[in-house]
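Numbering (this note's numbering), first residue to last: -12 to 598. In this text, a Cβ means the ideal position worked out from N, Cα and C, and glycines have one as well. As the structure is a prediction and not an experimental result, all values here were calculated from the model.
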């Protein structure tokens, strides 16, 4: 059934959408092509370190089995061992080193792993641990299928007239909005932005097709949508009525445009809380209700509509298994949210220090796996942001955690990270060189890797100062200078396009050469639209084209959209953002109209290979 409310929202709109490649005739579904998708397509998953396979022994738990329940999840089951006081699960991905999955109490005989690597051969081990140590270990193998994106879609309407905006620069700043009894505060640290940028918070007037089984805490649009940040920024959501204790788990979420690519995300970790058990110990839920007093907080690496809500662990798990987003980094975020929503309990612990140590151990072991399994720079950046947050919490614990175990956990995670970062940065630099001279193609992962390398080299935050020290200790100055020289030599500036008009948004699109045809994919209420631009090349390649023509087509809520028009570019290729203004007639089914859109093309250094 067609949604008639879409017609007034769409008439008069024109463009929308951007990817770096033209669509082929055999494509059935139009989805935005983001940098992380290109990274995933070009990434090779090779084990970085070979290690002996996990081996079973005769005293391990009986009946141990591993079943892939989706590309991103594996169900593990085993029979109880009489003298076991806990169980430890390990995993090796593609014959790589074994990493800890989780440690569970004596009552556990199953566990669902939501951080399983897709398209991989996994070897799991379950260890039965008794009072004197290891009782025995059993092993099971499973192969996960490749991930097939099937993102959720909600329907969002924004109150653009009530939006608040503020110009924030490289020195950082904050902006807030209070709407419908909820306060939203976005805080940008120094170095998050390269230049002065107008940041906006836009109220969401309505959000339908809500996919969670609990209430929504709040949601807000954040613009310019799709903007990639050098450092994570925090969004704090504070309901005036406080946070209810519904018994469900609090999770973050985000989506693109008017509701496409809805995906879960983890909330920032708060201070630890413990619950007394009948054995006079502490029984730790690894992820207590996330919140900062009467607020929840999220760390963002890109700007897009973001919110928080309540969900049961079962619904969070179902979304991971059935609705992976198209973007690989957001798929990692969704998996982490489901893992944190799980209600598995730790073994009884005798002190608050033991409880805190067990909790931070679980967080960092999750992050170690995310680092090891990262198939592209954006996935690695997601793990880096998690590690940064966990280190803040770890330092806040102070003496409330075991000091020896604290340092061992930190050092092991740093070692995993420095090795993976070096590999990722080198791969991106090599791709610059390989694609140089092939017409100016986008290099998957290079923009992310370039930003990562800049942050490490400059020590842009306390976290990155420590990152810099550990990289230099491990690889020396040439370990950073070598890939920097290669990136500077073989990769040149490209553009990220974002903007649109009321009812249509292009959240993120890459352009390598604005003198050649390019395309864009965007979000409209209830659907998507694709636009193809054909510029009139400038006589001098260092100048902007005078303008050109475009066509667009798409669908929204059962309606077909199509049209054409002209566009004009304003600015200089070598001097800051470029503005694109477009205008032309279009149609929504039998309804005709005309409209205009406005886009900003922001330079992204080293995003494309030399032509």
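Going by C-alpha distance, which of the options is nearest residue i?
{"i": "residue 159", "options": "432, 179, 433, 562", "result": "179"}
{"i": "residue 187", "options": "176, 173, 151", "result": "151"}
{"i": "residue 119", "options": "130, 170, 72", "result": "72"}
{"i": "residue 315", "options": "346, 467, 365", "result": "365"}
{"i": "residue 491", "options": "376, 66, 438, 147", "result": "147"}
{"i": "residue 397", "options": "161, 459, 450", "result": "450"}
{"i": "residue 414", "options": "428, 401, 437", "result": "437"}
{"i": "residue 164", "options": "157, 563, 189", "result": "189"}
{"i": "residue 502", "options": "493, 536, 130", "result": "536"}
{"i": "residue 201", "options": "182, 237, 44", "result": "237"}
{"i": "residue 481", "options": "522, 355, 592", "result": "592"}
{"i": "residue 232", "options": "111, 287, 299", "result": "299"}
{"i": "residue 286", "options": "371, 234, 340, 350", "result": "371"}
{"i": "residue 155", "options": "468, 129, 182", "result": "182"}
{"i": "residue 561", "options": "545, 590, 554, 534", "result": "590"}
{"i": "residue 302", "options": "288, 293, 317, 322", "result": "322"}
For residue i and residue j, what's the separation of their Cα atoms in angstroms?
{"i": "residue 441", "j": "residue 387", "result": "35 angstroms"}
{"i": "residue 138", "j": "residue 225", "result": "28 angstroms"}
{"i": "residue 220", "j": "residue 312", "result": "22 angstroms"}
{"i": "residue 588", "j": "residue 510", "result": "17 angstroms"}
{"i": "residue 393", "j": "residue 86", "result": "17 angstroms"}
{"i": "residue 167", "j": "residue 478", "result": "47 angstroms"}
{"i": "residue 384", "j": "residue 342", "result": "11 angstroms"}
{"i": "residue 295", "j": "residue 308", "result": "20 angstroms"}
{"i": "residue 376", "j": "residue 256", "result": "7 angstroms"}
{"i": "residue 253", "j": "residue 474", "result": "33 angstroms"}
{"i": "residue 539", "j": "residue 246", "result": "20 angstroms"}
{"i": "residue 435", "j": "residue 90", "result": "34 angstroms"}
{"i": "residue 239", "j": "residue 463", "result": "39 angstroms"}
{"i": "residue 353", "j": "residue 50", "result": "26 angstroms"}
{"i": "residue 324", "j": "residue 346", "result": "16 angstroms"}
{"i": "residue 102", "j": "residue 43", "result": "23 angstroms"}
{"i": "residue 88", "j": "residue 514", "result": "38 angstroms"}
{"i": "residue 520", "j": "residue 428", "result": "17 angstroms"}
{"i": "residue 131", "j": "residue 57", "result": "7 angstroms"}
{"i": "residue 271", "j": "residue 327", "result": "Any reading at residue 271 must be qualified, since the residue scores a pLDDT of 38, below 50, and its modelled position is unreliable; the value itself is stated next. Roughly 13 angstroms between the two C-alpha positions."}
{"i": "residue 445", "j": "residue 360", "result": "27 angstroms"}
{"i": "residue 484", "j": "residue 586", "result": "7 angstroms"}
{"i": "residue 456", "j": "residue 319", "result": "27 angstroms"}
{"i": "residue 362", "j": "residue 508", "result": "25 angstroms"}
{"i": "residue 531", "j": "residue 185", "result": "24 angstroms"}
{"i": "residue 67", "j": "residue 128", "result": "20 angstroms"}
{"i": "residue 264", "j": "residue 70", "result": "Its pLDDT being 33, under 50, residue 264 is placed unreliably by the model, and nothing is read from it."}
{"i": "residue 453", "j": "residue 408", "result": "14 angstroms"}
{"i": "residue 411", "j": "residue 358", "result": "11 angstroms"}
{"i": "residue 110", "j": "residue 527", "result": "58 angstroms"}
{"i": "residue 194", "j": "residue 489", "result": "16 angstroms"}
{"i": "residue 582", "j": "residue 506", "result": "19 angstroms"}
Just to confirm before moving on: does the CB-CB distance between residue i and residue j stay below 8 angstroms?
{"i": "residue 541", "j": "residue 572", "result": "no"}
{"i": "residue 205", "j": "residue 171", "result": "yes"}
{"i": "residue 196", "j": "residue 283", "result": "no"}
{"i": "residue 552", "j": "residue 570", "result": "yes"}
{"i": "residue 241", "j": "residue 250", "result": "yes"}
{"i": "residue 290", "j": "residue 447", "result": "no"}
{"i": "residue 48", "j": "residue 125", "result": "yes"}
{"i": "residue 439", "j": "residue 340", "result": "no"}
{"i": "residue 594", "j": "residue 422", "result": "no"}
Hey, could you find the ends of the beta strand (DSSP E) residue i is sitting in?
{"i": "residue 226", "result": "215 to 226"}
{"i": "residue 75", "result": "73 to 80"}
{"i": "residue 578", "result": "578 to 596"}
{"i": "residue 54", "result": "52 to 57"}
{"i": "residue 285", "result": "283 to 289"}
{"i": "residue 298", "result": "293 to 298"}
{"i": "residue 501", "result": "Taken as a continuous stretch (DSSP letters only), residue 501 belongs to no beta strand (DSSP E), as it is neither H nor E."}
{"i": "residue 124", "result": "120 to 130"}
{"i": "residue 555", "result": "546 to 557"}
{"i": "residue 100", "result": "97 to 100"}
Quick check on the DSSP output: the alpha helix (DSSP H) that includes residue i runs from which residue to which?
{"i": "residue 346", "result": "339 to 360"}
{"i": "residue 384", "result": "364 to 384"}
{"i": "residue 324", "result": "315 to 328"}
{"i": "residue 530", "result": "Residue 530 -> no alpha helix (DSSP H), and no H or E assigned at all."}
{"i": "residue 111", "result": "No alpha helix (DSSP H) holds residue 111; the beta strand (DSSP E) holding it covers 108 to 117."}
{"i": "residue 237", "result": "Run containing residue 237: none in the alpha helix (DSSP H); it sits in the beta strand (DSSP E), 236 to 243."}
{"i": "residue 462", "result": "449 to 462"}
{"i": "residue 45", "result": "That residue, residue 45, is in no alpha helix (DSSP H); it is neither H nor E in DSSP."}
Problem set entry | Those runs of the beta strand (DSSP E) which lie wholly inside the segment 469 to 493 and span at least 3 residues | Whole beta strand (DSSP E) segments, 3+ residues: 478 to 488, 491 to 493.
For this session: Can you check the segment 135 to 165 for any beta strand (DSSP E) of at least 3 residues that lies completely inside it and give the ranges in chain order?
Result: Runs found: 142 to 145, 151 to 155.
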